[in-house]
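Before any comments, here is the structure.
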Amino acid sequence: MIRGKFPSLLWGEHEPAGEIAPQAFVDTKLDALLPESTLKILALPCTAPLIAARQEVFKKLCGMDSSNDSFSTQFEALGGASTSLAQAYDAYATAQNKLEELLLFRRYAQKYAEFSRLAENISGCDSDLVLGFAGYFSELSGQTSKLEQALAETSGAAARLSKATLTFSPHGTSLDCPDATEPIAGRIRRLAEELGYNIPPRRPQKEIRTEPFYSEAMLRRLPDEARELEDFLNKFKSALDPSITAYRGEIAFYLTMRDFYRRAAKAGLPFAFPSVSERPVFRLRDMYDPSLLLKNCEIVPNDAEFDERESFFFLTGANGGGKTTYLRGVSINLILALAGAPVVAKSGEVWPFSAVYTHFPADENFTGSGRLVEEAARADEILSRAKAGAFVFMNETYSGTDAERGLDLTLRAARILRDKGAMGLYVTHFHEVADYDFPMLNTVMDPTDPSRRTYRIMKSSALRSSFARDILRKYGLDPESLMRRMEVHP
Amino acid sequence: MSVSLLFPEGKSKTTDTSFAERLSADLMLDESFSYITADITKRRYFLSVLADVQPDPDIPLYRAEILRDFCSKPNLLEGLCIELRQLSELRDDQQAERSRFYSVIRSTDSESAFVTAAGIAEVSSAAARKTLKKLAGIGELLRIYTCQSRGLTALRERVAKLTTGPKFEELCELLGHTSSFGMDATYKMRAELNGYARIASYELTGITRPTPAEEVSGLKRLFAKKPNGAAHISGVRVDDKWGVLQNDVLSGAMREIAELAHSISQAVFDEFLPLLRELCFYEVAAAYVEAMRKKRLPLCYPELTSDGPARYEELYDLFLCASYIDAGSVVPNDADLSHGGILVTGANNTGKTVFLRSVGTAQLLAQAGLPIIAKSATVRMRCGVYSLYAAAEKEFAPGVDAGRFEQEVRLVAEMLKSIKPGALVLINELFQTTSYPEGAEGLCGILRYLRSDVVGADFIAVTHLTDLIDMMAGETVHMRTLEGENLYKLEKVTRSYWRGIGC
């Protein structure tokens, strides 16, 4: 019957390429954008073939390939079915009396059959992950049919066991089959509605768990129906493999990510599938920091380019100029790219890095040792663990000391990482790093107003100039502006 | 379908009221009506209706019909207000009683749930029955007085539908039936399990109370042998030793009956208590009509047009009429406002602002369905009325981030965001806090923009920026206030007049 090792929709036959530390999700604020279950999957970077396989799934789900929109619909239905199946199994596994066991097993079996049928029929995506999944369930089609037939045969018995008339009298309580009497509340509701009173719809009542004595009375009242469900349970119990419920988390990952991209697209952000490179590079064009979706603010795109020639950058510039946002944007997009998901950018290219490390300023909540000691300890751990194939993001590290020492430590860390073959981006206020042999990035200021930030990051310095406005023009009410408005709407 | 006494069926539309408070203050409406009605709550509601300018001409007609009914049958207005106030008190009593009961439930152990649930079901059912009877009383009042207006006729029919016929009697009887439960009764219920094998639906289908002969009361009850009722029980016995099932299921069903009965009361309150507020509008309106009649001032229901002429014959200013003991000394003005752009100039204290206020007030009264203080009038329906008055110094509290001129500019910008074609803009001495040539140039651009096809609004602008007259020659009508014997009167100015005086 339906049993065996289910093929994973996330991993297929592949293994993760490495691991990303949970702190990276906190630093990048991804933990506020995505649920923990999704982050756990993002924490395992993929190998090149797996990135390609997952990208195929995302292309269909995120509407990048309009040739077959139905895959997204099918996958969503599969997600709903997997949730129902997992819930049905949990309910069955915690049944507390015989009546519950019989009815809940049948429900679990029903959800099992529904999921299997949807899985078998899923189509429209050429990813190995999906083809392997659908093929596996296709082979089980005959067994699914047998289960469906047995479910149909027992539906009457299940329905009868689910309804009763209860009589509470001073002599005791009794249970019987239901009759056709209209309930009192139903009569009141019907009359009030027929007269035209605006009554709210009936609200669900508080669910009450059946006690063993209820179960015993019901099974005694309808022994034939109880026997029918018992036979069904005995026949299928060993055939249904509960490990099927693991699909719930796998499908939820894809659907959660799809919703994330939909949200980004709604905010006007682009997304693209980075090509997988054979050389260590990470390139993004018109990249956005998706964590800014959490705020209602202007989001400015930027480019990023890391390769073997320029593998480690320092980023400096004015406060509030967008340095941390840029750092976060690059790091989030790298994590997404390594999970086989789209990047929030117009285009990109990625090499399958095996690890991502982040070092952001911690809250001032550490005690005793002081800020520098705490920062240095965290930084040292990264310096010792990072190796070739890792990508390191550092934000104002070593800022808790004097300028001379801070600069020394900063340069030392950057050199260690670069010498190990790790790529990196380092935001710092030590502008003197520009005097050393590292490529530099800078924040760009508005050329018309040197005090205004553009939130653009470039490999060049900012331009400067000034501006002025009169009050009417500020509100678009000067004669010229009004004239233009009239010309636009003839 | 609920009935509104302010809006004909399905014609209520939400309008932009963001400028309503400013308009009301600029036209001194609260001050005017404070001479007519002392009740602040009623006045505020009345003014909110006034400022909610509805462009549909059927709305003022609908209200005018009702106002005529109430003015000819003052006892009906008073009676309805009393009945609805009593209904409101009934709601307050019921809410207080439910709160008391629920506080008891919170402090009651679960084993007594049935007793408290039965109690609240009894109270709610009795309250619903009382509410229905009160509604029937309102229906009776509406039947006594014969009304012509569509609004009051629709209300009478709506109440009659809800409170007459065998179904209404049956509903009241059922609520009477659920107004009394007892521990000795036999309760029959229907229970249904959901997909998770939980009892998710449980409803009472029958209550059998013991006949008087079977009842055992007092001390005897403690020692009486339980009657042998086994023969009456169908199905199988349930071994519910501790009454857990009975307590959960029966109290749940009682609570549903309680909520249902409460929702019937609530449906009546939700539908009919808003009328109490709407009647405030008619109370103030009737007082206004009465007050102006006592002062022997002319009242007329204006003819309403969509884009035809707009004329007033002997239009009085409401504030002056309401505040002056001798209203006969107030000077009325004739005005033809058919041209969409009017500039009003004149010396200080010659009646420019009073004229602007009298036109603005008349516009609001007419669109609200009230008579205006004039011999006759034709009023053009507007989709909004906005006031742009020069900002007073007192408005600029410390910390405000803009100067007086910028505040005025900001106000104009805000208005332009929400204004719709066909609106009327009342402008009083705007942009005079900067150099006059610059102010005139700025205002000229804005007035042209208002009249352009993009906005399509009309305006009346009171101004000392005389440069505007030449700037907008041929685009607007120019009116000026007179002095001397004709003080407070206005006249239309021809171009030759200005040439004659060298402007």
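Those protein sequence lines, which keep their order, are chains A and B.
Its first residue numbered 1, the first sequence is counted upward by one per residue in this note's numbering.
Its first residue numbered 1001, the second sequence is counted upward by one per residue in this note's numbering.
Idealized CB from N, CA, C, for every residue including glycine.
None of these values were measured; they are calculated from a predicted model.
Would residue i count as contacting chain B if we go by Cβ distances under 8 Å?
i, result
"Phe-393(A)", "no"
"Ala-185(A)", "yes"
"Gln-205(A)", "yes"
"Tyr-475(A)", "yes"
"Arg-484(A)", "no"
"Leu-166(A)", "yes"
"Tyr-197(A)", "yes"
"Gly-172(A)", "yes"
Going by the beta-carbon positions, is the gap between residue i and residue j smaller than 8 Å?
i, j, result
"Val-1284(B)", "Arg-1448(B)", "no"
"Phe-133(A)", "Ser-116(A)", "no"
"Asn-333(A)", "His-359(A)", "no"
"Ala-1390(B)", "Glu-1429(B)", "yes"
"Arg-1129(B)", "Ser-1179(B)", "yes"
"Ile-471(A)", "Glu-1406(B)", "yes"
"Pro-342(A)", "Tyr-436(A)", "no"
"Glu-100(A)", "Ser-215(A)", "yes"
"Phe-1070(B)", "Cys-1280(B)", "no"
"Ala-498(A)", "Glu-19(A)", "The shown model of chain A, from 1 to 490, leaves out residue 498(A), and the question about it has no answer."
"Pro-290(A)", "Trp-351(A)", "no"
"Tyr-1301(B)", "Ala-1051(B)", "no"
"Gln-1266(B)", "Phe-1114(B)", "no"
In whole angstroms, what is the alpha-carbon distance linking residue i and residue j?
i, j, result
"Ala-52(A)", "Val-276(A)", "8 Å"
"Phe-1396(B)", "Ser-1323(B)", "In this prediction, Phe-1396(B) scores a pLDDT of 41, lower than 50, which makes its location untrustworthy; no coordinate-derived value is stated."
"Ser-1099(B)", "Glu-1259(B)", "13 Å"
"Arg-1277(B)", "Ser-331(A)", "59 Å"
"Gln-205(A)", "Phe-1269(B)", "25 Å"
"Leu-103(A)", "Tyr-1196(B)", "8 Å"
"Lys-59(A)", "Asp-69(A)", "10 Å"
"His-171(A)", "Met-218(A)", "19 Å"
"Asp-307(A)", "Thr-443(A)", "21 Å"
"Thr-410(A)", "Lys-111(A)", "57 Å"
"Ile-966(B)", "Pro-1274(B)", "In the structure as shown, chain B begins at 1001 and stops at 1503. Residue 966(B) is therefore absent and cannot be evaluated."
"Cys-177(A)", "Thr-73(A)", "42 Å"
"Arg-285(A)", "Ala-339(A)", "19 Å"
"Leu-1315(B)", "Asp-1030(B)", "20 Å"
"Ala-1377(B)", "Met-483(A)", "36 Å"
"Glu-1157(B)", "Thr-1163(B)", "10 Å"
"Pro-1060(B)", "Pro-1008(B)", "10 Å"
"Met-1471(B)", "Val-1331(B)", "31 Å"
"Ala-379(A)", "Val-373(A)", "10 Å"
"Ile-184(A)", "Ala-1423(B)", "56 Å"
"Gly-278(A)", "Glu-13(A)", "It should be pointed out that residue 278(A) corresponds to Glu in this sequence rather than to Gly. Using only the alpha carbons, I get a separation of about 21 Å."
"Leu-147(A)", "Tyr-108(A)", "11 Å"
With a threshold of 8 Å between beta-carbons, can residue i be considered close to chain A, or not?
i, result
"Gln-943(B)", "Residue 943(B) is absent from the model: chain B starts at 1001 and stops at 1503."
"Met-1472(B)", "no"
"Asp-1467(B)", "no"
"Ile-1161(B)", "Reading off the sequence shown, one finds Lys at residue 1161(B), where the question assumed Ile. Chain A contact via Cβ: present."
"Thr-1345(B)", "no"
"Ile-1446(B)", "yes"
"Glu-1475(B)", "no"
"Glu-1334(B)", "What sits at residue 1334(B) in the sequence shown is Asp, not Glu. Output row for Asp-1334(B): interface = no."
"Ser-1112(B)", "no"
"Ser-1180(B)", "no"
Going by DSSP, name the residue or residues bridged to residue i.
i, result
"Val-1236(B)", "Leu-175(A)"
"Ile-1342(B)", "Ile-1460(B), Val-1477(B)"
"Met-458(A)", "Asn-442(A)"
Does at least one heavy atom of the ligand FAD sit under 7 Å from the Cβ of residue i?
i, result
"Tyr-436(A)", "As presented, the structure is devoid of all ligands, the ligand FAD included, so that no description of it is given."
Using a Cβ-Cβ cut-off of less than 7 Å, list which residues of the region 86-108 of chain A approach chain B; keep chain order. Ala-91, Leu-99, Glu-100, Leu-103, Leu-104, Arg-107
Give, in chain order, every residue of the region 211-242 of chain A whose Cβ lies closer than 8 Å to some Cβ of chain B. Glu-211, Phe-213, Tyr-214, Glu-216, Ala-217, Arg-220, Arg-221
Scan the region 1198-1213 of chain B for residues whose Cβ lies nearer than 9 Å to a Cβ of chain A and list them as they occur along the chain. Arg-1198, Ile-1199, Ala-1200, Ser-1201, Tyr-1202, Glu-1203, Leu-1204, Thr-1205, Gly-1206, Ile-1207, Thr-1208, Pro-1210
Scan the region 1083-1101 of chain B for residues whose Cβ lies nearer than 7 Å to a Cβ of chain A and list them as they occur along the chain. none
Contacting positions in the region 418-430 of chain A - beta carbon closer than 9 Å to chain B: Listed by position along the chain: nothing, the set is empty.
Against chain B: residues of the region 21-36 of chain A by CB proximity under 7 Å: Taking 7 Å as the Cβ-Cβ cut-off against chain B, none of the residues of the region 21-36 of chain A qualify.
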